[in-house]
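Student:
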Amino acid sequence: MTSLRFGYSLLAFAICVSYASPGMANTSDTPAPSSNESVANASPPPLATGAEDPEPEPALTWSDLTRLAREHRVNGELDEARERLAQAAIQVRALPPTHARRRTVFGAQARLAIELADAGEIEFADELANELLAEAEAEPELGGAALVDLALSVADRRQPEPQLPVLRVALTTAQAGTTNRNRMDLSFRVADEAYRENEFDLARRAIDQAVLDAQHIGPSRKERIASLELYKSRIALAQGDLEVAESSAIAANQIFEEISASPSKRGIGEATLAEVLATKGDGERALAIAGGAHARIARIGGEEPIQDHAQRVILASLARVERSTGDSSSARIHFEEALSIPAVDFPADRHLVKQLTSELRTLDEPEMPSAPPSTLPSTLE
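Residue numbers (our numbering): 63 to 443.
Next comes the structure, spelled out in structure tokens:
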């Protein structure tokens, strides 16, 4: 009997073990959890990161960047403005140089470069200016008035060093635009500086532009046109283009006669023509005209006195004409007389004094100097 009870106990124990074992459980008999239990015990769904992340900011357009740069400039935040404009420039770089968007961004950069220099940020100003000047040199139609202003600003800031490379870019850019007073003034400045640096081809290109602009802008401003024609004569003479040198000098003298210009202007005009004629080999006419110009210096009465620079020019021309005809002793007297006149503080006169000093030292050499000095002041008026 005891053995039988022990057998039932073993059987009951085996049945309990079978229900408790997970691998042996009969799931059909297991009660289903309630809905509350399912929610409580359920694993959370994976995070939908794309839906829950904040949306990225839209990309800024060239217009947005230019506007922000303008705001930075107003607030004096020039470095930030430079960065914004650099980003805008990248966006519009593929556009043609005449496209309004590209020119707008370029113009803003040019104005910023000027402001950087004014604020004392010279290194950043020069870096940006050099980039813009190189870009405008490759595509002259891109620059516009802002580039011309920048080039003049750079040239003025870097004085007294010659800035012909910068001014050449400015002239090329200006020539791609329309006729205006600023271009005429720029052209004259380039012609003047290029002539004094013996860059005669650039000087001729610039003075031709200045004459054309003067004739178009103010045909009634005859004295200005005559002065430019006279400068053109000097440059053509330095180039060896004697026909243009003579025709321009004659045109200038005719205008001076017509408008009854000042004795100083008329004396310079006559002296210039005399040098051209002497170079062409017409020494007799040259001496007569140079002598007439020289007589104006001593003339007294109703005429106003000849300005110091004009006196130096007239005496220098007379000396050169005399030298060309073989009269070295008279030439020496007039070279020395020209150098005895008090110095005038502007570039053309300083250049002339330098030239005359050299010519006087080499007076006994057979050849004339190849580059006659400038005869006009460095302004048109």
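Idealized CB from N, CA, C, for every residue including glycine.
#1: In chain order, what residues of the same chain lie with their CB nearer than 7 Å to the CB of I279, ignoring the 5 residues before and after it?
#2: Mind the definition here: the segment 403 to 419 touches the segment 350 to 362 only if three or more C-beta pairs lie below 8 Å; say whether that holds.
#3: For a quick check, are the C-beta atoms of E307 and S289 less than 7 Å apart?
#4: Select from L425, A355, P367 the residue whose C-alpha is nearest the C-alpha of F397.
#5: Grouping DSSP H, G and I as helix and E and B as strand, with all else coil, what is V306?
#6: Beta-carbon separation of V228 and V216 under 7 Å?
#7: Curious, which full-length beta strand (DSSP E) runs of at least 3 residues does the segment 150 to 225 contain?
#8: Can you name the start and end residues of the alpha helix (DSSP H) that E261 belongs to?
#9: Any idea what DSSP makes of I330, helix, strand or coil?
#10: Keeping to the same chain, check which residues put their C-beta closer than 8 Å to that of L122; ignore five residues upstream and five downstream.
#11: CA-CA distance, R267 and S309?
#12: Which value, in whole angstroms, describes the spacing of the CA atoms of A276 and T334?
#13: Rounded to whole angstroms, how far is the Cβ of A265 from the Cβ of I297, which I believe are closer than 8 Å?
#14: For F186, collect the residues of the same chain with a Cβ closer than 6 Å to its Cβ; drop the 5 residues on either side in sequence, then sort them by chain order.
#15: On a CA-only basis, which of L274, N192, D303, A253 is nearest L174? Give me that one, please.
#16: Buried or exposed for Q373, going by 16 or more other Cβ atoms inside 10 Å?
#17: Can you name, in chain order, every residue of its own chain whose Cβ lies under 7 Å from the Cβ of E142, other than the five neighbours on each side?
#18: So which of A272, A355, R382 has the shortest CA-CA distance to Q369?
#19: Can you give me the start and stop residues for the alpha helix (DSSP H) that A348 sits inside?
#20: Is L127 helix, strand or coil by DSSP?
#21: Over what stretch of residues does the alpha helix (DSSP H) that includes F397 continue unbroken?
#22: Using a 10 Å radius around the Cβ and a threshold of 16 neighbouring Cβ atoms, would you call R220 buried or exposed?
#23: Would you call S391 buried or exposed, if buried means 16 or more other Cβ atoms sit within 10 Å of its Cβ?
#24: Taking just the CA atoms, how far does L414 sit from I351?
#25: What's the C-alpha gap between L195 and R283?
#26: Quick check on E223: buried or exposed, where buried means 16 or more other Cβ atoms within 10 Å of its Cβ?
#27: Which of the three DSSP states is assigned to F318 in this structure?
#28: Please confirm whether T235 and A208 have their CB atoms less than 7 Å apart.
#29: Could you give the C-beta distance for A400 and A378, rounded to a whole number, given that I count them as a contact under 8 Å?
Tutor: Judging by the given coordinates:
#1: Non-local C-beta neighbours of I279 in its own chain, meaning closer than 7 Å and more than five positions away in sequence, comprise T241, R243, M246, ordered along the chain.
#2: No, the segment 403 to 419 is not in contact with the segment 350 to 362.
#3: The sequence given here places Ala at residue 307; Glu does not occur at that position. No, Cβ-Cβ distance for A307 and S289 is not below 7 Å.
#4: L425
#5: helix
#6: yes
#7: Runs found: none.
#8: First-last for E261: undefined, no H or E at that position.
#9: helix
#10: L130, Q149
#11: Separation of R267 and S309 (C-alpha to C-alpha, rounded to the nearest whole angstrom) is 17 Å.
#12: 21 Å
#13: 5 Å
#14: Answer for F186: L178, listed in chain order.
#15: Comparing Cα-Cα distances from L174 to each of L274, N192, D303, A253, the minimum goes to N192.
#16: buried
#17: For E142, where only same-chain residues beyond five positions count, the Cβ hits under 7 Å are H134.
#18: A355
#19: 345 to 360
#20: helix
#21: 390 to 402
#22: exposed
#23: exposed
#24: 21 Å
#25: Take the alpha-carbon of L195 and the one of R283: they are about 33 Å apart.
#26: exposed
#27: helix
#28: Going by C-beta atoms, T235 is not nearer than 7 Å to A208.
#29: 5 Å
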